[in-house]
Each structure stands twice: as structure tokens, then as C-alpha cells.
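Note sheet for the following structure.
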Amino acid sequence: MMTECASFAACRVKVSLMGKRVWLTVPTYNESENLERLVAAALPELERIAPGDHTLLVVDDHSPDGTGDIADRLAVEHEAVEVLHRAGKDGLGPAYLAGFERALAGGAELVAVMDCDLSHDPRSLPGLVAAAEQGADLVIGSRYVKGGGIEDWPRLRRTLSRAGSTYARLLLRVEVRDLTGGFKCIRREVLEKVEPTSLRSQGYVFNIELTYRALLAGFRVQEVPITFRDRQYGKSKISLPIAFEALLLVPRLRRSAREVPEVQDALASPDGEPEPEPATRTTA
Ligand SMILES: Nc1nc2c(ncn2[C@@H]2O[C@H](COP(=O)(O)OP(=O)(O)OP(=O)(O)O)[C@@H](O)[C@H]2O)c(=O)[nH]1
Ligand SMILES: [Mg+2]
13 MMTECASFAA
23 CRVKVSLMGK
33 RVWLTVPTYN
43 ESENLERLVA
53 AALPELERIA
63 PGDHTLLVVD
73 DHSPDGTGDI
83 ADRLAVEHEA
93 VEVLHRAGKD
103 GLGPAYLAGF
113 ERALAGGAEL
123 VAVMDCDLSH
133 DPRSLPGLVA
143 AAEQGADLVI
153 GSRYVKGGGI
163 EDWPRLRRTL
173 SRAGSTYARL
183 LLRVEVRDLT
193 GGFKCIRREV
203 LEKVEPTSLR
213 SQGYVFNIEL
223 TYRALLAGFR
233 VQEVPITFRD
243 RQYGKSKISL
253 PIAFEALLLV
263 PRLRRSAREV
273 PEVQDALASP
283 DGEPEPEPAT
293 RTTA
């Protein structure tokens, strides 16, 4: 094919200036045993979804185990891999936000997010992206809808996770079954409208808040079943304080819904009393 570029390097610059349509953001902290496996499994899926039009963005918080160096090497080996290095461990929420900002600046129409520990199967990515392309604004890879599940978690962990999602669902009066999961595909418009920088929370609550505010803003949220597997390598970063933060912040999310500019109108009842309607715009 004829090209206007004077050199290969110039072509690379031109292509990167044009941006990529699909971005997969992967936050990492001490994932040296998982990152290469994840990249090897995810890149072919991205290539199927958006041939030549995708970026896999690793957002690393200066992992002491050298995950950032592995990411840099992978970025040299694969044109589609990019790395965002952050100064130190700052929590999952801020890492997501940094990834979203980079993806939007890089022209993303769809931003997918998944954990690095292979608990989220990259083979489920096409299903999530397809749901977004068929009209959903925010797609959640869901363990708790028909067809979804968790493979090898101990009973206690399974119960706690499910109870956390149920607690948030009832308190926020939404129909989404898997509010805490971190496997998503999000349309650009959602990230622009829900003002990601105002999403203050860390960990699980970040996921709950993003979905809740997307619903309140009138976006269509869809759950797609996934099978979640326990990590085989590395350690979980989820701690009891992060889990408690989630419990405490959910009621605040509900109260603060009244202060979110884009939903104030939607929350006002005919007699002027602000009373949130259940946010029910979901499909499984
Ligand atoms: N950049 C960044 N990534 C993080 C941070 N904390 C966790 N992560 C990454 O976020 C993803 C989810 O973290 P996990 O520790 O797997 O948490 P989890 O999946 O809820 O818990 P497990 O199922 O027990 O693994 C993984 O890819 C982590 O490496 C952080 O502070 N900064
Ligand atoms: Mg995990």
C-alpha cells in the first residue's frame, strides 16, 4: 500500500497521533508473574476486536517486584503496549483514573478495564466490547448474573463478595448484580460525563461509584456473564481496610447523589422534594 510517510518512524508517529479506538487499561502492583501471561492472552483478543486499532495500557505504581520493567520490555516488543508509570502505590481508584485520562487523550471510543491477575479471562473481552458496540454505555463482566460464576474461591470469600454486592445494590436501589467487579468496558461518553476526577474512592468503591453515577446520569448499563477465577500467582492487594471503606462509603454515595450536577434534575420529584428514583436502567 502506498504511504505518505517519509520514513517508518514518521509513520509510527502519524499512527499514534491518529489515536486508537479501543483501549484496555490494566492496573498493576506487584504482578511480575502475571503481566506477561496477561499481555500474551489479551493482545490476540484485542487484535480480533479492533485490528490495528487498539492499545493495551499498563498502569504501574512503581511495583517493587519489577513489574514496571517487564511492562517496558513488553512495550518495546509489542507496538500496541504502552506503559504509564506512577510514582508509588496510590490505590486502585487513582490508577484507573490515570489510565482513563491517557486513553481518552489517545482517542479511545471504548475503554476496557481488567485486573492483571488473570481472574478476568481475556477471552471474555470480545463479549464485553460487543455489548458496548451494540448499544450499552457501560458493560460489566458479571459473576452474579445467569451464566456467570466464580471458580475456586473459598466459600467465605464468595459469600463476602456476594454480600457486598447485595448490600450496595439494596442501599443504592439499583438492579446491577455485580457492583464491585473490575472487568468492564466503558464508552468514552460515560467517562467524559461522570467526571472521573471527582470519583474519590479507592478499591471496590470506585467500581461501585462509577456504575452508580453512570446509571444516575441516564447511561445504559449491561451485565455480561463471566467466570471469575482465583489468581494463580502473586498476592491479592485487597485488605480489610479497603473492604470496610467500601461498606462505609456506600451510604455516602447515595447521599451525595443529590450533589452530582448531572442528576439533580433527574432526582427532583414533581412536588420539588428531591427523592432518588431507583436507578434501574440495566439489562442482563
Ligand atoms: N496501579 C495499581 N494497581 C493496583 C493497586 N492495587 C491493586 N492493583 C491492581 O489491581 C488489580 C486488582 O487487584 P487484586 O489484588 O487482584 O484485587 P482483587 O482482584 O480485588 O482481589 P483478589 O481476587 O484477591 O486478587 C490487579 O491487577 C492489581 O495488580 C494500586 O495501588 N495501584
Ligand atoms: Mg484479583
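Per this note's numbering, the very first residue in the sequence shown carries number 13; after that it's consecutive. Heads up, the beta-carbon is just placed ideally off N, CA and C, and yes, glycines get one too. Here the structure is a predicted model, which means the values were calculated and not measured.
- For residue 159, the CB contacts under 8 angstroms within the same chain, skipping 5 residues up- and downstream, are 237 in chain order.
- Taking a C-beta distance under 8 angstroms as the contact criterion, residue 173 and residue 189 do not qualify as a contact pair.
- Here residue 64 is exposed. Its C-beta has fewer than 16 other C-beta atoms within 10 Å.
- DSSP places residue 149 outside any beta strand (DSSP E), giving it a letter other than H or E.
- Counting C-beta atoms within 10 angstroms of its own C-beta, residue 80 has 16 or more neighbours from the protein chains shown and is therefore classed as buried.
- Shown here, residue 232 sits in coil according to DSSP, grouped into three states, outside any helix or strand.
- Looking at 121, 253 and 77, the one whose alpha-carbon comes closest to that of residue 147 is 121.
- Among the bridge pairs identified by DSSP, residue 196 is matched with 125 and 152.
- Counting the other CB atoms within 10 Å of its CB gives residue 88 a total below 16, which places it among the exposed residues.
- When the Cα atoms are used, residue 45 and residue 72 turn out to be separated by approximately 14 angstroms.
- Within 10 angstroms of the beta-carbon of residue 52 lie fewer than 16 other beta-carbons, which makes it exposed.
- The continuous alpha helix (DSSP H) containing residue 253 extends over residues 252-268.
- Take the alpha-carbon of residue 132 and the one of residue 50: they are about 10 angstroms apart.
- Taking a contact as a CB-CB distance under 8 angstroms, the pair residue 74 and residue 97 counts as one, their CB atoms being some 7 angstroms apart.
- Going by DSSP, residue 94 is part of the beta strand (DSSP E) stretching over 93-97.
- Judged by DSSP in its simplified three-state form, residue 80 adopts helix.
- Within the same chain, and ignoring the five residues on either side of residue 138 in sequence, the residues whose Cβ sits closer than 7 angstroms to its Cβ are 57, 60 and 61.
- Rounded to the nearest whole angstrom, the C-alpha separation of residue 221 and residue 141 is 21 angstroms.
- Of all residues, those with a beta-carbon under 5 angstroms from at least one heavy atom of ligand 2 are 127, 129 and 131, reported in chain order.
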